[in-house]
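Peer 1: A single structure is presented below for examination.
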Amino acid sequence: MDATASQTVGPFFRIGLSWLNGTGTGSATVRGRVIDGLGQPVPDAVLEIWQPGGGFCRVPTDKDGAFCFATSRGTLTVLIFMRGLLRHLMTRIYFPGESDAALGLVPADRRHTLLAREIDGEFVWNVVLQGDDETVFFDF
Numbered sequence: 106m107d108a109t110a111s112q113t114v115g116p117f118f119r120i121g122l123s124w125l126n127g128t129g130t131g132s133a134t135v136r137g138r139v140i141d142g143l144g145q146p147v148p149d150a151v152l153e154i155w156q157p158g159g160g161f162c163r164v165p166t167d168k169d170g171a172f173c174f175a176t177s178r179g180t181l182t183v184l185i186f187m188r189g190l191l192r193h194l195m196t197r198i199y200f201p202g203e204s205d206a207a208l209g210l211v212p213a214d215r216r217h218t219l220l221a222r223e224i225d226g227e228f229v230w231n232v233v234l235q236g237d238d239e240t241v242f243f244d245f
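Whatever position you read off the sequence shown (first residue = 1), add 105 for my numbering.
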C-alpha cells in the first residue's frame, strides 16, 4: 500500500455533518469558548461530547468561538475537530467534586483546565489551544 499525504481536519463540518449537531440532553448546561494560541476565538470548531451512560452530542462553535450544550453530570470526554489539525484533540471535563484516575495523572497545576466552574447555575469550561492555561489534551 502506498502512503498518502496527510489531510487536515475541517473546516467542512457545517457542510456534511451538520445533521449530527445537537444540544445534548441532561440537566447541566455547559458553556464555553474555543480560543487559539493568540487568544482569538475559533469560529469553525466542532466539539463532540461523550456523556455518562453513552450519551453523545456534537456542537459547533459560533463566530465568537462559543458553544453550549446540555449534559448529565459526570466526567465527559470531549473530542475537538477544527481546521489545521491532522488529528482531533481529546480532553475531558470534570464537574466540581469529581475525580478519577486520569485526572490524578495530570499535574496539579494543570488540573484546573479540565474543571468546569459553576457560575449562576451553569457550568463554564473553555478550550485554550496553546499558551497560558492551555487545556490538557490526552494522547490516544
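Every residue gets a Cβ at the ideal spot worked out from N, C-alpha and C, and that includes glycine.
1. What do you get for residue 156, buried or exposed, if any count of 16 or more other CB atoms within 10 angstroms of its CB means buried?
2. Looking only at its own chain, which residues have a Cβ that is under 7 Å from the Cβ of residue 229, when we skip the five neighbours before and after it?
3. I'd like the span of the alpha helix (DSSP H) that includes residue 209, first residue to last.
4. According to DSSP, what are the bridge partners of residue 195?
5. In chain order, what residues of the same chain lie with their CB nearer than 7 Å to the CB of residue 248, ignoring the 5 residues before and after it?
6. For residue 215, report the span of its beta strand (DSSP E) as first-last.
7. Pick helix, strand or coil for residue 201, following the three-state DSSP scheme.
8. Start and end of the beta strand (DSSP E) containing residue 143?
Peer 2: Concretely, from the data shown:
1. When all chains shown are included, residue 156 counts as buried.
2. Cβ within range, chain order: 136, 137, 221 and 222.
3. Bounds of the alpha helix (DSSP H) holding residue 209 are 206–210.
4. Its beta-bridge partners are 184.
5. This structure does not reach residue 248, given that the chain is present from 106 up to 245, and the question cannot be answered.
6. Per DSSP, residue 215 belongs to no beta strand (DSSP E) and is neither H nor E.
7. It is coil, neither helix nor strand.
8. Looking at the DSSP string, residue 143 is not in any beta strand (DSSP E), and its letter there is neither H nor E.
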